[in-house]
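**Student:** Let me give you the structure first, and then I'll get to my questions.
Numbering (the UniProt record's numbering), first residue to last: 1 to 536.
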């Protein structure tokens, strides 16, 4: 990326959608595709959940927001339509200004910047950086501008150069300081439920690991030939790779270029999606990494201020161009991209209330990340207290990436009138991070030639609670471990506000005559703003 504007804007405005009406209260094999399907076979109820065709928010995927530190307050109507994750640039000197600063300073700054985001079900992708264009605002230390080394790392910037040339990155103590910093942020963030992924950053302008560079694989960013301790930092690849591997056992770490850190298993943030001048350096290098996407996230941003995207003035223009939009979607599908952001180089901010723009944004959102389709759910039509019963479900991922953490799946019984949970259990040995999408995208057919696998989960459960003989609702949810609350949703209209997917009625200690839930009882996945998680 060639230039940044210090004020970032939010994606998104509200896109309304309505749930369909109809009647699926049919205990036998009838009901059309639009109504869904309830089938009773022996002692089993087989539900074909109604498909949900629109884009919607889901944790740690999709369009990614960007906040300019200290400048952009979270708006009152947040979260906005698709954003469930945002990136935050963090100046090194704000979390460690001298060597003796401890992890407490990292935690304090994180709390300062991320206060309350759990109430909005938002996660953060932090990137520590040193160098930003501009001069720091003395009156506002939260601004991004300037060179943000700790005060006890000296440097001299050579006139006319874009980065510190004497000291700084090349100070004899710098790499030891990097190790210490990474250890601190690991202690602060590796178990912080507010953090989605980590962008390694630190080196170069905006933490994009150029100017200076990590290694010499690619030509210098701002010179004709490489020169050690000028255009690149000898030894920094191992220093950073080892430090981040040791510090982050739980969070996924992403690096800027796929040709760096080949001895490590990191994800990638490519900050120039779709730009022709970056096709080889970005797209083709990431394509060489094979199945890395199955275990590490791929993300980045779309920018429009350089290369062949210079002809655009905004994301609106980019997505309105059919060829460009299709190219971006192809790259998303080929690289199995999890999330993408952008910055508003041109003011005013993009108006996402425009129908045409929202249609294009929705198309991209549906391609990004995971999209779990619940195609079948089966359960015993009558169960008894203290006795075993069977459930099963089938799911496939029609998105581009997996979900990268193994969150728990919960089966629950709800009071049929209040929808309150009266019993639940967590399914063992279900790893949702291995629900992979298809592979080998066919741009003409607009589908993967290797279709996504349908994963079937079968479990025998025990109703280990004495419930009154009655009719209940059986439901499924995927929980955020931070509070063990429903969060991740399937693409189905079978939905109750709060992240729960009702499948059908079930009898406990009594026979019942109907199993299908009227669609008028369902809520809209897209418009649910109640989701949250908990922070200790």
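Glycine included, each C-beta is placed from N, C-alpha and C at the ideal position.
Report the residue ranges of all alpha helix (DSSP H) runs contained in full by the stretch 97-124; include only those spanning at least 4 residues, in chain order.
**Tutor:** If we require 4 residues or more, the alpha helix (DSSP H) runs fully inside the stretch 97-124 come out as 103-114.
**Student:** For the 8 angstroms Cβ check, are there 3 or more pairs between the stretch 393-401 and the stretch 112-125?
**Tutor:** Judged by Cβ distances under 8 angstroms, the stretch 393-401 makes no contact with the stretch 112-125, as fewer than three pairs qualify.
**Student:** What does the alpha-carbon distance come out to for the pair residue 525 and residue 399?
**Tutor:** About 17 angstroms.
**Student:** Considering only C-alpha positions, which residue in the set 177, 154 and 175 is nearest to residue 166?
**Tutor:** Comparing Cα-Cα distances from residue 166 to each of 177, 154 and 175, the minimum goes to 154.
**Student:** Hey, is the stretch 201-214 in contact with the stretch 229-236, meaning 3+ C-beta pairs nearer than 8 angstroms?
**Tutor:** Judged by Cβ distances under 8 angstroms, the stretch 201-214 makes contact with the stretch 229-236, as three or more pairs qualify.
**Student:** May I have a chain-ordered list of the alpha helix (DSSP H) segments no shorter than 4 residues that lie completely inside the stretch 161-236?
**Tutor:** Here the runs fully enclosed are 174-189.
**Student:** Excluding the 5 residues preceding and the 5 following residue 91 in the sequence, name in chain order all residues of the same chain whose CB lies nearer than 6 angstroms to its CB.
**Tutor:** Only 148 meet the Cβ criterion.
**Student:** Would you call the CB atoms of residue 405 and residue 433 closer than 8 angstroms?
**Tutor:** Against a cut-off of 8 angstroms, the Cβ pair of residue 433 and residue 405 comes out as a contact.
**Student:** Would residue 196 and residue 60 qualify as a contact pair, given that the criterion is a beta-carbon distance under 8 angstroms?
**Tutor:** Result yes, Cβ atoms of residue 196 and residue 60 sit closer than 8 angstroms.
**Student:** Compute the Euclidean distance between the alpha carbons of residue 142 and residue 358, then round it to the nearest angstrom.
**Tutor:** When rounded, the distance between both Cα atoms is 32 angstroms.
**Student:** Using the Cα positions of residue 493 and residue 354, report the straight-line distance between them to the nearest angstrom.
**Tutor:** Cα to Cα, the separation comes out at about 25 angstroms.
**Student:** Report the three-state DSSP secondary structure of residue 527 (helix, strand or coil).
**Tutor:** Note: residue 527 maps to coil in three-state DSSP.
**Student:** When the Cα of residue 246 is compared with those of 412, 297, 205 and 182, which residue comes out closest?
**Tutor:** If we check each option's Cα against that of residue 246, 182 comes out closest.
**Student:** Measuring CA to CA, which of 467, 222, 307 and 298 is closest to residue 252?
**Tutor:** Checked all of 467, 222, 307 and 298; the closest Cα to residue 252 is 298.
**Student:** Grouping DSSP H, G and I as helix and E and B as strand, with all else coil, what is residue 23?
**Tutor:** Here residue 23 scores only 34 on pLDDT, less than 50, and its place in the model should not be relied on; the value that follows carries that caveat. In the structure shown, residue 23 sits in coil (DSSP, three-state: anything other than H, G, I, E or B).
**Student:** In three-state DSSP terms, what is residue 30?
**Tutor:** Bear in mind that a pLDDT of 33 at residue 30, under 50, signals an unreliable position, so the number given afterwards is only what the model happens to contain. Residue 30 falls in the strand class under three-state DSSP.
**Student:** Rounded to the nearest angstrom, what separates residue 192 and residue 222 at their Cα positions?
**Tutor:** Roughly 37 angstroms between the two C-alpha positions.
**Student:** In this structure, does DSSP put residue 445 in helix, strand or coil?
**Tutor:** Residue state, collapsed to three classes: coil.
**Student:** Apart from the five residues on each side of it in sequence, which residues of its chain come closer than 8 angstroms, Cβ to Cβ, to residue 460?
**Tutor:** Result list for residue 460: 388, 389 and 390, in chain order.
**Student:** Can you name the start and end residues of the alpha helix (DSSP H) that residue 364 belongs to?
**Tutor:** Segment 355-367, the alpha helix (DSSP H) holding residue 364.
**Student:** Would the beta-carbon of residue 495 fall within 8 angstroms of that of residue 466?
**Tutor:** Their beta carbons are not under 8 angstroms apart, which means residue 495 does not touch residue 466 by this criterion.
**Student:** Quick check: the stretch 358-368 against the stretch 429-448, are there 3 or more CB pairs under 8 angstroms?
**Tutor:** Too few Cβ pairs lie closer than 8 angstroms, so no.
**Student:** Roughly how many angstroms lie between the CA atoms of residue 23 and residue 38, to the nearest whole one?
**Tutor:** With a pLDDT of 34 at residue 23, under the threshold of 50, the predicted position of this residue should be treated as unreliable, though the coordinate-derived value follows. Their Cα atoms are separated by approximately 11 angstroms.
**Student:** Check this for me: beta carbons of residue 502 and residue 473, under 8 angstroms apart or not?
**Tutor:** Yes, the Cβ-Cβ distance between residue 502 and residue 473 is below 8 angstroms.
**Student:** Where residue 254 and residue 244 are concerned, what is the direct C-alpha to C-alpha distance, given to the nearest angstrom?
**Tutor:** In a straight line, the C-alpha of residue 254 is about 10 angstroms away from that of residue 244.
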